[in-house]
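Asks:
There are 2 protein chains.
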Amino acid sequence: MNRVRDFQFTQLLNFNSQSKTVTLLGTIGDDNAILTVEKLPFEVTDEAYLKQFASPDIFPEVKQLENNDVYHWNLATLAQDVNKRPGVKINLIYPASETHVQKYSQQQTRMVVETPELYQQVTWPYIETQLGSRIQWVHNILYHGKEAEDVVYRKEDSFVLLPDMKWDRKNVNSLYLVAISLRNLEGQGESGKPITSIRDLNHSHIQWLKELREDIYKVVKDKYNVDRSFLRVFVHYQPSYYHLHVHVVHINNEGLGSSQLVGKAILLNDVIDDLGFLGEKGYSQKTLTYALGENHKLWTAIKAHTEA
Amino acid sequence: MNRVRDFQFTQLLNFNSQSKTVTLLGTIGDDNAILTVEKLPFEVTDEAYLKQFASPDIFPEVKQLENNDVYHWNLATLAQDVNKRPGVKINLIYPASETHVQKYSQQQTRMVVETPELYQQVTWPYIETQLGSRIQWVHNILYHGKEAEDVVYRKEDSFVLLPDMKWDRKNVNSLYLVAISLRNLEGQGESGKPITSIRDLNHSHIQWLKELREDIYKVVKDKYNVDRSFLRVFVHYQPSYYHLHVHVVHINNEGLGSSQLVGKAILLNDVIDDLGFLGEKGYSQKTLTYALGENHKLWTAIKAHTEA
Chain A
1 MNRVRDFQFT QLLNFNSQSK TVTLLGTIGD DNAILTVEKL PFEVTDEAYL KQFASPDIFP
61 EVKQLENNDV YHWNLATLAQ DVNKRPGVKI NLIYPASETH VQKYSQQQTR MVVETPELYQ
121 QVTWPYIETQ LGSRIQWVHN ILYHGKEAED VVYRKEDSFV LLPDMKWDRK NVNSLYLVAI
181 SLRNLEGQGE SGKPITSIRD LNHSHIQWLK ELREDIYKVV KDKYNVDRSF LRVFVHYQPS
241 YYHLHVHVVH INNEGLGSSQ LVGKAILLND VIDDLGFLGE KGYSQKTLTY ALGENHKLWT
301 AIKAHTEA
Chain B
309 MNRVRDFQFT QLLNFNSQSK TVTLLGTIGD DNAILTVEKL PFEVTDEAYL KQFASPDIFP
369 EVKQLENNDV YHWNLATLAQ DVNKRPGVKI NLIYPASETH VQKYSQQQTR MVVETPELYQ
429 QVTWPYIETQ LGSRIQWVHN ILYHGKEAED VVYRKEDSFV LLPDMKWDRK NVNSLYLVAI
489 SLRNLEGQGE SGKPITSIRD LNHSHIQWLK ELREDIYKVV KDKYNVDRSF LRVFVHYQPS
549 YYHLHVHVVH INNEGLGSSQ LVGKAILLND VIDDLGFLGE KGYSQKTLTY ALGENHKLWT
609 AIKAHTEA
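Shown next, in the form of C-alpha cells:
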C-alpha cells in the first residue's frame, strides 16, 4: 500500500537549492514520517526527447522574463508522465524514529581553526575514543582479508586499494577508489601505532607517500586506463574514520557534496609538498581549518573547550 | 517576441545531473542558438505550499517503485503553473557566436601539477597577457571609484570589500563578498606591481593578510551579524582574473559548483599558515596542484610545453 498520500506536513527538515531537494517531517496516522522529494535530472541519452525541445510537447507554457542583447530569460512548465517522464522521486521513511529525524535534519556547519594546541588538548582525546572496536571493519579488511575479492591492489607494508562504496564499479567517469594505509600495522616490520590521520605524518613519510602516489597512478592506468591528469587524489581532515586512507576520484565525478570541498579535502600532492617545508615534526605543527557539523561529537568537545 | 518556441535541436552541448541542467545547441532560422534549461528549487519559504504535501494538488500521479522495511521509494509528477509555480527556467542565447558555443560546451577538466619551474616558464608568461586592459574593470573599481555605491568597506593600501555578482544581497545564508587587494597599487606608498596571485605572496605579506582577515571578520559581523565560524574565506588558484582577491562565502552556500573544490580554492588560513613555513621566497617555491578546463588558454600553453 502506498502511504505517500497519507502524509501530513509538520515541519521543514532540510532543503538543497543546488540539488533541488526538500525533506519534510510529518505524520502518517500516529507515527512520524520523513518525506524527501528530489527533482529528477534530464534524460540526455534520449535523443528523440531532446529533439522535441522547445515544442509545446515539452514546454506547455513559456513566459519571457527579460532580454538583454542576445540573452533571453524565460520561465516555463515542463511536461511529465509518471511512467515515461516522471518529475520527481520521493523517498518516504515511515515509521520514522527519532534517530531518523536527527539524521535528516539540517545541521549547521562551522569552520574550526585547529591549532596544534587544540589538537593536543581536544582532538586527539576525541580520536582515541574512535579507535579500537570503532574501526573493526577496517581491521577486518587489513588483517583478516575481509572483502579480499574486492581488492584492486595490495602492497605489503604500504597500502591496500579498494573500490569505494559510492562507486558503481562500471563508469570510469565516476571512478572512486580508496587506498588504506598498511603502514605501521602492529606486529609488522615497523614499530609504533597505525597512522590515524595526516596529523601523524612527518618528514619520514615523504618517500612512502611519493611511492604510494606513483603506485596509485600506475594501477589506475593499468586497470582502468585512466591517466593521472584525470585523478583527484586527496585525504579528508577530519576523516570519517581514523586510519589513514587516501581518496582517488575521477575528476569528472563532481557530485560528491561536501566531500571534495576545501576545508574538508586536502590534495595528496599538497600533503607531500607541505611535509617538505614542515620539517621533522610535520603536520603536528600546522594549523588546520575545516568545516564540521554541529551534530559531530568533536564539535561539542571543541565548543566546550573554547567556552571553558 | 519570444523565440524559445522557434528553437530547433541540433546537439547536446552539456548537462549536469547534480543541478538538473541541460544545455542544447540548435538553430532559430539561419542562426545558432543555445538553450539552457534548469529545474527550479522547491520554494521552501512558502509554508502554505509545504502544507499541501503530499496531496493530489502537488503530486497528481504517484507510483511506488519498491519498499524495504521503513523505506519506500516512489516516482511522481509535480504540479506546476508558469506564473505561480514554474518548473524550469530557460536561458536562450540567440544569435549565438562560436565563442558562445565554445563556452557552453562540455569541456574535459585536467589536474595540473605546477612546479615553481613550470610557473616561471609557462604560467607567468600567460599571466602577463591577462594584465593591463584585460582587467580594466578591476582598475575602474580600484582607481576610479566605479561601483562605489556597492562598496561595503574600503581600507586604503589594504583592500576593498564588495558584494560578489552571484549574491542576491539579501539572504545571509548565501552571503558572498569579494575583497580585492589595494596593496602595491602603482602610485601609492609602496613600490612594485600589484599582487597578481598567491604566487606573489611571501613572508612579508603575513602581517597584512592577518589584518585583512580580522578586518573581514569584523565588517561581516558588524554589517551582516554573521560570525567568523560561518565564513569560508579563500582564494582561487588559478583565479579568474589576475589581481589578488579573496572570496568570503557563507558556509551554508554550497551551491557554487567547482568554485569551492579542493584543487581550485585555498583557504586564506592555509595561505597564512603556509607562508610561515615557506620562508622569504614564499609561494614562489611551492608546487601547486589545480584543476583546469582543456579550453583554458593556460592548459593549451602547459600542454605545448610538456609535449615539447
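Heads up: the sequence lines are chains A and B, in that order.
Going by this note's numbering, the letters in the first sequence line up with residues 1 to 308, in that order.
Going by this note's numbering, the letters in the second sequence line up with residues 309 to 616, in that order.
For every residue, glycine included, the Cβ atom is placed at its ideal position computed from N, Cα and C.
Using only CA atoms, which one of Lys594/B, Ile514/B, Lys526/B and Leu586/B lies nearest to Leu576/B?
Replies: Taking only the C-alpha atoms, the option nearest Leu576/B is Ile514/B.
Asks: Taking the Cβ atom as the reference point for each residue, do Val4/A and Phe15/A lie within a distance shorter than 9 Å?
Replies: Contact: no.
Asks: Identify the contact partners of Asp168/A in chain B, using a Cβ-Cβ distance below 7 Å as the criterion.
Replies: The premise fails here: Asp168/A is roughly 13 Å from chain B at the closest Cβ pair, so nothing lies under 7 Å.
Asks: Is there a Cβ from chain B that is less than 9 Å from the Cβ of Asp81/A?
Replies: Yes, because at least one Cβ of chain B sits closer than 9 Å to the Cβ of Asp81/A.
Asks: Let me check understanding here. Comparing Cα to Cα, which of Asn173/A, Ala179/A and Leu131/A lies closest to Glu156/A?
Replies: The shortest C-alpha separation from Glu156/A is found at Ala179/A.
Asks: Out of Pro60/A, Asn68/A and Lys89/A, which one is the CA nearest neighbour of Pro394/B?
Replies: Answer by Cα proximity: Pro60/A.
Asks: May I ask you to list, following chain order, the residues of the region 581-597 of chain B that have a beta carbon less than 7 Å from some beta carbon of chain A?
Replies: For the region 581-597 of chain B, which is checked against every Cβ of chain A, the residues closer than 7 Å are Asp581, Phe585, Leu586, Lys594, Thr595 and Thr597.
Asks: Provide the residue span of the alpha helix (DSSP H) that contains His250/A, from first to last.
Replies: Looking at the DSSP string, His250/A is not in any alpha helix (DSSP H); the run it does join, the beta strand (DSSP E), is His245 to His250.
Asks: So which residues of chain B does Val172/A contact, with C-beta pairs closer than 8 Å?
Replies: Near Val172/A there are no residues of chain B at all, since even the closest Cβ is about 13 Å away, more than 8 Å.
Asks: Which residues, in chain order, does the region 376-402 of chain B contribute to contact with chain A at a C-beta distance below 8 Å?
Replies: So the list reads Val378, Tyr379, His380, Trp381, Asn382, Leu383, Ala384, Thr385, Leu386, Gln388, Asp389, Val390, Asn391, Pro394, Gly395, Val396, Lys397, Ile398, Asn399, Leu400, Ile401 and Tyr402, given in the order they occur along the chain.
Asks: Could you check how far apart the C-beta atoms of Ile336/B and Tyr412/B are, in whole angstroms? I think they sit under 8 Å.
Replies: Not quite, the Cβ-Cβ distance comes to about 16 Å (not below 8 Å), so this is no contact.
Asks: Can you confirm whether Lys39/A, when its beta carbon is compared against all beta carbons of chain B, has any partner nearer than 9 Å?
Replies: Taking Cβ atoms only, chain B reaches closer than 9 Å to Lys39/A, which makes this a yes.
Asks: So if I threshold CB-CB distances at 8 Å, which residues from the region 438-456 of chain B count as touching chain E?
Replies: Here the protein chains are A and B, and chain E is not one of them.
Asks: Relative to the C-alpha of Met473/B, which residue among Arg521/B, Tyr484/B and Ser466/B is closest?
Replies: It is Tyr484/B whose Cα lies nearest to the Cα of Met473/B.
Asks: By the 10 Å Cβ neighbour count, where 16 or more other Cβ atoms means buried, how is Asp57/A classified, buried or exposed?
Replies: Counting Cβ neighbours within 10 Å, Asp57/A comes out exposed, since fewer than 16 surround it.
Asks: Gln107/A and Asn295/A: beta carbons closer than 9 Å?
Replies: Yes; because the gap between Cβ atoms is below 9 Å, this pair is in contact.
Asks: List the residues that DSSP assigns as beta-bridge partners of Ile398/B.
Replies: In DSSP, Ile398/B forms a bridge with Asn74/A and Val345/B.
Asks: For chain B, is any of its Cβ atoms less than 9 Å away from the one on Arg199/A?
Replies: No - not a single Cβ of chain B is within 9 Å of the one on Arg199/A.
Asks: Is it true that the CB of Asn510/B sits closer than 9 Å to the CB of Glu588/B?
Replies: Cβ atoms of Glu588/B and Asn510/B: closer than 9 Å.
Asks: So Arg540/B contacts chain A; which residues on that side make the cut at Cβ distance below 7 Å?
Replies: What Arg540/B touches in chain A: Met111 and Gly263.
Asks: Could you tell me the alpha carbon to alpha carbon distance between Ser181/A and Ala148/A, rounded to whole angstroms?
Replies: Cα to Cα, Ser181/A sits roughly 15 Å from Ala148/A.
Asks: Would Val151/A and Val138/A be called neighbours here (beta carbons separated by less than 9 Å)?
Replies: Cβ atoms of Val151/A and Val138/A: not closer than 9 Å.
Asks: Exposed or buried, which one is Leu261/A when buried takes at least 16 other CB atoms within 10 Å?
Replies: So Leu261/A ends up on the buried side.
Asks: Establish whether the CB of Ala616/B and some CB of chain A are separated by less than 9 Å.
Replies: Output row for Ala616/B: interface = no.
Asks: Of all the alpha helix (DSSP H) runs that stay within the bounds of the region 184-235 of chain A, which reach a length of 4 or more residues?
Replies: Qualifying alpha helix (DSSP H) stretches, in chain order: 206-224.
Asks: Can you find the residues in the same chain that come closer than 7 Å, C-beta to C-beta, to Glu406/B, ignoring five residues on each side of it along the sequence?
Replies: Correct list: empty, nothing qualifies.
Asks: By alpha-carbon positions, which one of Asp274/A, Tyr143/A, Tyr126/A and His250/A ends up nearest to Lys170/A?
Replies: Checked all of Asp274/A, Tyr143/A, Tyr126/A and His250/A; the closest Cα to Lys170/A is His250/A.
Asks: Which residues does DSSP list as the beta-bridge partners of Glu114/A?
Replies: Glu114/A pairs with Leu288/A.
Asks: Apply the 10 Å Cβ neighbour rule to Pro194/A and answer buried if 16 or more other Cβ atoms are within range, or exposed otherwise.
Replies: Its Cβ being crowded by 16 or more others within 10 Å, Pro194/A is buried.
Asks: The region 10-26 of chain A: which residues have C-beta closer than 8 Å to a C-beta of chain B, in chain order?
Replies: Under the 8 Å Cβ criterion, the region 10-26 of chain A contributes Leu12, Phe15, Asn16, Ser17, Gln18, Ser19, Lys20, Thr21, Val22, Leu24 and Gly26.
Asks: Please classify Leu65/A: is it buried, with 16 or more other beta-carbons within 10 angstroms of its beta-carbon, or exposed?
Replies: Burial call: exposed.
Asks: By Cβ distance, which residues of its chain are closer than 6 Å to Trp381/B, with the 5 residues on each side in sequence left out?
Replies: Counting only Cβ-Cβ distances below 6 Å, and skipping sequence neighbours, we find Leu373 and Glu374.
Asks: Under 8 Å by Cβ, that's how I've got Thr287/A and Val112/A pegged, so tell me the actual separation to the nearest angstrom.
Replies: Rounded, the Cβ-Cβ distance is 11 Å, inconsistent with contact.
Asks: Can you find a CB in chain A that lies within less than 9 Å of the CB of Ala528/B?
Replies: The sequence given here has Val at residue 528/B, not Ala. It does not: the Cβ of Val528/B has no partner Cβ on chain A nearer than 9 Å.
Asks: CB of Thr595/B to nearest heavy atom of the ligand COA: below 8 Å?
Replies: Among the components of this structure there are no ligands whatsoever, and the ligand COA is therefore not found.
Asks: Using a Cβ cut-off of 7 Å, pull out every chain B residue sitting near Leu267/A, in sequence order please.
Replies: Within chain B, the residues near Leu267/A are Val570, Gly571 and Thr597.
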